[in-house]
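Just below is one structure, and these are the notes that go with it.
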Amino acid sequence: MSSTPPFHETLDLTLCGSMGRVHRLCRDAVTLAVEPLGLTQSRWTAMMHLFHLNQGCTQQELANSLGIEMPSLTRTIKQLEQQEIIARKADAEDKRSKRLYFTEQGLQLLDTLQVIIADVKEHLYADLTTEQLDTMAHGLIQMEQNARQCILHYSGGK
């Protein structure tokens with residue numbers, strides 16, 4: 001006796017594969033929308049993570065938030081400095097550590113970036129109810145926690 005698989009198992013590349021594909025498409029949509037501001041994907045994502053972490057975070061904290069290694073972030077930070085969007089300042093307690101701050105120009109650009117991202121999100125969320133979006137958000141949070149537990153399990157707790 002055959003049973004019908006649940007909808008999420010009928011997707012071409014599995015649910016996780018579809019999430020990755022949608023993530024890339026959403027990121028590409030924002031990247032195209034902010035291109036006239038002179039921002040690449042790495043720059044606008046670094047700016048948004050810095051905003052959410054709050055100014056004064058360390059470069060290492062930003063790298064961790066972005067899920068990238070420091071060498072990858074260093075180039076982006078230098079570019080944002082050259083554009084006078086952010087400034088690096090030595091940590092008062094550890095001179096080897098640099099803290100990141102938006103410049104006045106960077107804060108103005110951040111405001112514009114947030115308006116554009118809000119517009120893109122409006123397009124991305126079209127025809128989805130608040131309930132559907134909330135359900136997806138809760139599901140993603142749970143899947144992230146499950147994935148972290150899975151990684152711990154299969155890594156032997158390393």
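For what it's worth, UniProt numbering labels the leading residue of the sequence shown as 1, then goes sequentially. Where a beta carbon is used, it is the ideal one built from N, C-alpha and C, also for glycine.
- For C26 against L124, the beta-carbon gap comes to about 6 Å, under 8 Å, which counts as contact.
- By the CB criterion at 7 Å, I117 and V30 fall inside the cutoff.
- One Cα belongs to Q59, the other to R99, and the distance between them is close to 6 Å.
- In the DSSP assignment, A90 forms a beta bridge with K98.
- With respect to the 7 Å criterion, R24 and T76 are not classified as neighbours on the basis of their beta carbons.
- The beta carbon of Q105 sits closer than 7 Å to the beta carbons of E84, I85 from its chain, once the five residues preceding and following it are set aside; these are given in chain order.
- With a minimum length of 4 residues, the unbroken runs of alpha helix (DSSP H) contained wholly in the UniProt domain "HTH marR-type" (12-145) fall at 14-34, 41-53, 59-66, 70-82, 104-124.
- Under the three-state reduction of DSSP, S3 is assigned to coil, being neither helix nor strand.
- The straight-line gap separating the alpha-carbon atoms of S65 and E81 is approximately 19 Å.
- Counting only the Cα atoms, V120 lies some 15 Å from L39.
- In this structure, G67 is the residue among F7, G67, Q142 with its C-alpha nearest to the C-alpha of H49.
- L73 and M47 have their C-alpha atoms some 12 Å from each other.
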